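These protein sequence lines map, in sequence, to chains A and B. To convert, take the position in the first sequence, counting from 1, and add 988; that gives my numbering. To convert, take the position in the second sequence, counting from 1, and add 4; that gives my numbering. Here the structure comes first, spelled out in structure tokens, and everything after it is commentary.
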Amino acid sequence: NAGVTQTPKFQVLKTGQSMTLQCAQDMNHNSMYWYRQDPGMGLRLIYYSASEGTTDKGEVPNGYNVSRLNKREFSLRLESAAPSQTSVYFCASLPGSTNEKLFFGSGTQLSVL
Amino acid sequence: RKEVEQDPGPFNVPEGATVAFNCTYSNSASQSFFWYRQDCRKEPKLLMSVYSSGNEDGRFTAQLNRASQYISLLIRDSKLSDSATYLCVVNILTGNQFYFGTGTSLTVIP
């Protein structure tokens, strides 16, 4: 099992460009999450998907869109990147029960110039 | 108000010391509680879950006080390898959301 795979690992964008961060898990997990991490801010939830076909906003959804096309994949799209979106992005998945642990991808370092 | 609040530290302690981290959460409907460890901006990894009765895993002890909405982590006999950022995490059943504290930085000094 690969676990949770995120691509790309690094990305530099210019303001106004768009891109999609990809996340896939091969563990048949129900829930998937996108977080961003900024210095001194901890991880903040952008969007999550409790199950295939459903998505909900987290704490900081503005400027992002997500797609849960199937159970494996949960993508995060920046339609018009802004310098404030410079951050490290983590995707995570959860097997089922909220008493279980989150499985994280290795992260995407995004810089918007 | 933040869902989860932690003292960011940093905590600098000598090897062998005992160190305690605290965390408070604001939502009384919080259901599950965890401590995660994060090294050098790598992905967070579960250190331990926190149960109402308190639980221990080797040198690590976690406590939960639901009345005060307070979680703690105690590390005994600190090792150099314990140097990391420790994240307090709370799950709120509604929407199956996990909220992270800002993390507490620990450096264990030889």
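Ideal Cβ placement from N, Cα and C applies to all residues, glycine included. Every value quoted in this text rests on a predicted model; they were computed, and no experiment measured them.
Using 8 Å as the threshold, is the C-beta distance between residue i and residue j below it?
i: Phe-37 of chain B; j: Val-112 of chain B; result: no
i: Phe-1078 of chain A; j: Glu-47 of chain B; result: yes
i: Gln-994 of chain A; j: Cys-1011 of chain A; result: yes
i: Gln-42 of chain B; j: Gly-107 of chain B; result: yes
i: Phe-25 of chain B; j: Ser-76 of chain B; result: yes
i: Gln-1013 of chain A; j: Val-1076 of chain A; result: no
i: Arg-1056 of chain A; j: Gly-1041 of chain A; result: yes
i: Glu-1066 of chain A; j: Gly-1051 of chain A; result: Here the sequence assigns Leu to residue 1066 of chain A, which means Glu is not the residue at that position. Yes, these two residues count as a Cβ contact at 8 Å.
i: Ser-1068 of chain A; j: Ser-1006 of chain A; result: yes
i: Thr-28 of chain B; j: Gln-73 of chain B; result: yes
i: Thr-1003 of chain A; j: Pro-1071 of chain A; result: yes
i: Val-1100 of chain A; j: Leu-1001 of chain A; result: yes
If we cut at 8 Å on Cβ distances, does residue i have a partner in chain B?
i: Lys-997 of chain A; result: no
i: Tyr-1035 of chain A; result: no
i: Gly-1051 of chain A; result: no
i: Leu-1001 of chain A; result: no
i: Ser-1063 of chain A; result: no
i: Ser-1081 of chain A; result: no
i: Lys-1075 of chain A; result: According to the sequence provided, residue 1075 of chain A is Ser. The question's Lys does not apply to it. Judged by the 8 Å Cβ criterion, Ser-1075 of chain A is not in contact with chain B.
Cα-Cα, which of the options is closest to residue i?
i: Val-950 of chain A; options: A:Val-1100, A:Ser-1099, A:Leu-1098 and A:Leu-1090; result: Examination of residue 950 of chain A is not possible in this model, given that chain A is present from 989 through 1101 alone.
i: Thr-1043 of chain A; options: A:Asp-1026, A:Pro-1071, A:Ser-1075 and A:Asn-1018; result: A:Asn-1018
i: Asn-1058 of chain A; options: A:Gln-1073, A:Leu-1098, A:Trp-1022 and A:Ser-1037; result: A:Ser-1037
i: Pro-114 of chain B; options: B:Glu-9, B:Asp-11, B:Gln-10 and B:Asn-16; result: B:Asn-16
i: Met-1015 of chain A; options: A:Thr-1096, A:Leu-1009, A:Thr-1074 and A:Arg-1060; result: A:Arg-1060
i: Gln-101 of chain B; options: A:Gln-1097, A:Val-1048, A:Gly-1095 and A:Pro-1071; result: A:Val-1048
i: Leu-78 of chain B; options: B:Arg-5, B:Val-54, B:Glu-9 and B:Ile-96; result: B:Val-54
i: Asp-11 of chain B; options: B:Ile-96, B:Thr-89 and B:Pro-18; result: B:Thr-89
i: Pro-1106 of chain A; options: A:Val-1100, A:Thr-1074 and A:Phe-1092; result: Because chain A in this structure spans residues 989 to 1101, residue 1106 of chain A falls outside the shown range and cannot be described.
i: Ile-20 of chain B; options: B:Leu-91, B:Phe-104, B:Ser-87 and B:Ser-109; result: The sequence shown places Gly at residue 20 of chain B, not Ile. Of the candidates B:Leu-91, B:Phe-104, B:Ser-87 and B:Ser-109, the one whose C-alpha sits nearest the C-alpha of Gly-20 of chain B is B:Ser-87.
i: Glu-1088 of chain A; options: B:Cys-92, B:Gly-58 and B:Leu-50; result: B:Leu-50
i: Leu-84 of chain B; options: B:Arg-70, B:Leu-110, B:Phe-64 and B:Gly-105; result: B:Leu-110
i: Ser-32 of chain B; options: B:Gly-58, B:Pro-18 and B:Asn-69; result: B:Asn-69
i: Thr-65 of chain B; options: B:Ala-71, B:Trp-39 and B:Gly-105; result: B:Trp-39
i: Val-1054 of chain A; options: A:Phe-1092, A:Lys-997, A:Pro-996 and A:Tyr-1023; result: A:Tyr-1023
i: Ala-990 of chain A; options: A:Leu-1098, A:Ser-1099, A:Val-1100 and A:Ser-1094; result: A:Ser-1094
Just to check my reading of the structure: residue i and residue j have Cβ atoms closer than 8 Å, yes? What is that Cβ distance to the nearest angstrom?
i: Ile-96 of chain B; j: Ser-56 of chain B; result: That belief does not hold up - the Cβ atoms of Ile-96 of chain B and Ser-56 of chain B are roughly 16 Å apart, past 8 Å.
i: Tyr-1021 of chain A; j: Ala-1080 of chain A; result: 4 Å
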